[in-house]
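In what follows, a structure is listed as structure tokens, so that the remarks can point back to it.
4 protein chains.
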Amino acid sequence: MTAERSDFQAERGYSADKAAYQRRLRRIEGQIRGIARMVDEDTYCIDILTQVSAATKALQAVAIGLLDDHLGHCVRSAVAEGGADAEVKLREASEAIARLAGRSSGRTGARAD
Amino acid sequence: MTAERSDFQAERGYSADKAAYQRRLRRIEGQIRGIARMVDEDTYCIDILTQVSAATKALQAVAIGLLDDHLGHCVRSAVAEGGADAEVKLREASEAIARLAGRSSGRTGARAD
Amino acid sequence: MTAERSDFQAERGYSADKAAYQRRLRRIEGQIRGIARMVDEDTYCIDILTQVSAATKALQAVAIGLLDDHLGHCVRSAVAEGGADAEVKLREASEAIARLAGRSSGRTGARAD
Amino acid sequence: MTAERSDFQAERGYSADKAAYQRRLRRIEGQIRGIARMVDEDTYCIDILTQVSAATKALQAVAIGLLDDHLGHCVRSAVAEGGADAEVKLREASEAIARLAGRSSGRTGARAD
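Protein chains in written order, with numbering that gives the first Met the number 0: chain A, 0 to 112; chain B, 0 to 112; chain C, 0 to 112; chain D, 0 to 112.
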């Protein structure tokens, strides 16, 4: 939840690739549906796990792509403009990276000893 | 792809929890659809990323549950019965664990020096 | 901490590869020392991060190898012998897999809805 | 390997926390040494795995902290100054994030369909 949320006609980091992200997400949705079908049809566990790993990988790739676009657009312009927003955007990005890597925030990390 | 695939009326490790897995997968499918909608509505990148992380985590939890059921049923009975199938099942499980942890197989790991 | 811990002259899953594991761990220890040196010498952040990723990957590969050996020896013989120990060993293995994948236990996973 | 590497008396993103990072890395080095000792003493596999997971987690936390410092200092000032260096720094950061999350670069991700 961020202040940005209510932006009207917002230009996002991923705007240029919107159609590609939609296609990728639709494909992942199809993968999940396929996994549910495998469970329904009593498919061998290991074959289901292979599909779960593939879907997880595809989802992680979407996250990395979004974060990359976010750094290259939103964070970049906030920093170029300066001010308090740059600080907020950088903190948010760090927290998102920590979640992506399967950890909670790393911002307070170095002081954690 | 395994020989098991053609089993007819197979009893799987996850059979007892089949309905629960279906519900979890349907919920994940809904999460992915929600993420596609967020992209469509130009939602702020970081808010999308939060949802992608949540879906990834839910998917990983399904994988861990399936693997756990697989070890406790399929691998367990193959080992109890002995024979070549036990060997195959153990190798498959190891490879699935390596994929889950985001690595390729670890079986040849110790020799890799 | 397990009951096994006090075993005397224990035969472990990794016993046959002990020397290889020692070599791999020594190499990882050297990598960590190298990273500390890089920090000391004000090395560029990204170059340090590359080394941290390499060390993390090497450590994960050791974990996957150990788990693989554990399944193929300890878990296998506990299951072959049957009894309560098989149950304990399978649960322990599942919990270790969940930790490896960066999650807490998956055993209660399927019921978590 | 980057051009930055030869910088003399470089100010790094992590400079303010240098002593803390050194302490954390020394502690991780001790953890790895402890794991090697456990292997040497035939410690139970699962107890070793618990320590390997703890060391991996500590190492990931160092990476997240370094990346956070890097974004907040190096990337930030490159972007504020503008020019080609900002582009390079942003790309490097994205690639480091992808490695951290256990994937190769995500930059070309969105086009990968």
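By construction, the Cβ of each residue, glycine as well, lies at the ideal position given by its N, Cα and C atoms.
Check: 9 Å Cβ cutoff met for ASP46(A) and LYS17(B); Outcome: no
Check: Contact under 9 Å by Cβ, VAL78(B) with VAL51(C); Outcome: no
Check: Residue from ILE31(A), ARG90(A), GLU10(A), ALA53(A) whose Cα sits closest to the Cα of HIS69(D); Outcome: ARG90(A)
Check: Cutoff 8 Å; reference VAL61(D); Cβ partners in own chain excluding five residues on either side; Outcome: TYR20, ARG23, LEU24, ILE27
Check: Where ALA100(A) sits in the DSSP three-state scheme; Outcome: coil
Check: Spatial neighbours of ALA54(D) in its chain, beta-carbon cut-off 8 Å, leaving aside the 5 residues before and after; Outcome: ILE27, GLN30, ILE31, ILE34
Check: Backbone secondary structure at TYR20(B) - three-state DSSP; Outcome: helix
Check: Residue span of the alpha helix (DSSP H) that contains CYS44(D), given as start and end; Outcome: 44–69
Check: HIS72(D) Cβ short of 8 Å to the ligand FMN heavy atom set; Outcome: No copy of the ligand FMN appears in this structure; indeed no ligand is present at all.
Check: Selected residue, minimal CA-CA separation from GLY64(B), among TYR13(C), ALA15(C), SER14(C), ALA92(C); Outcome: ALA92(C)
Check: Cβ of GLU10(A) within 9 Å of any chain B Cβ; Outcome: yes
Check: SER76(D) - containing alpha helix (DSSP H), residue span; Outcome: 75–80
Check: Secondary structure of ARG26(D), DSSP reduced to three states; Outcome: helix
Check: Amino acids of chain D, ordered along the chain, whose beta-carbon sits closer than 9 Å to that of GLU80(C); Outcome: By Cβ distance, chain D contributes nothing, its closest Cβ being about 17 Å from GLU80(C), past 9 Å.
Check: Cut-off 8 Å between Cβ atoms - residues of its own chain near LEU120(A), not counting five sequence neighbours on either side; Outcome: Nothing can be reported for residue 120(A): it is not among the residues displayed for chain A, which extend from 0 to 112.
Check: Top-ranked residue by Cα proximity to ALA43(D), from LYS88(C), ILE96(C), ALA97(C), GLY101(C); Outcome: The question names Ala, but residue 43(D) in the sequence shown is Tyr. Checked all of LYS88(C), ILE96(C), ALA97(C), GLY101(C); the closest Cα to TYR43(D) is LYS88(C).
Check: GLY82(D), buried or exposed, once every other Cβ within 10 Å from all chains shown has been counted against 16; Outcome: exposed
Check: Residues in the region 81–97 of chain B having any Cβ partner in chain A nearer than 7 Å; Outcome: GLU91, ALA95
Check: Distance, MET37(D) Cα to SER5(C) Cα; Outcome: Reliability of the predicted coordinates at SER5(C) is poor, the pLDDT of 44 falling under 50, and the value obtained from them is presented with this limitation in mind. Roughly 13 Å separates the two Cα atoms.
Check: Residue-chain proximity (ALA15(D), chain C), Cβ-Cβ < 9 Å; Outcome: no
Check: Among GLU80(D), LEU48(D), HIS72(D), the one whose alpha carbon lies nearest that of GLU148(D); Outcome: This structure does not reach residue 148(D), given that chain D is present from 0 up to 112, and the question cannot be answered.
Check: Through-space distance from ALA85(C) to GLU80(B), alpha-carbon basis; Outcome: 14 Å
Check: Positions along the region 24–47 of chain A whose CB lies within less than 9 Å of some CB in chain D; Outcome: ARG26
Check: Cut-off 6 Å between Cβ atoms - residues of its own chain near VAL74(D), not counting five sequence neighbours on either side; Outcome: LYS88, ALA92
Check: Rounded Cβ spacing between GLY101(D) and GLY12(B) (contact assumed at less than 8 Å); Outcome: Not really, about 26 Å apart at Cβ, beyond 8 Å.
Check: Contacts that ASP68(A) makes with chain B (C-beta to C-beta distance below 9 Å); Outcome: CYS44
Check: Reduced DSSP secondary structure (H/G/I, E/B, other) of GLY12(A); Outcome: coil
Check: Closer than 9 Å to chain D by CB, GLN59(A); Outcome: yes
Check: Classification of ALA15(A) by the beta-carbon crowding that lies within 10 angstroms, buried from 16 upward; Outcome: exposed
Check: Neighbourhood of ALA57(D) by C-beta distance below 6 Å, restricted to the same chain and skipping five residues each side; Outcome: ILE27
Check: Under the three-state DSSP convention, the category ASP41(D) falls into; Outcome: coil
Check: Within-9 Å CB hit, SER52(A) to chain B; Outcome: yes
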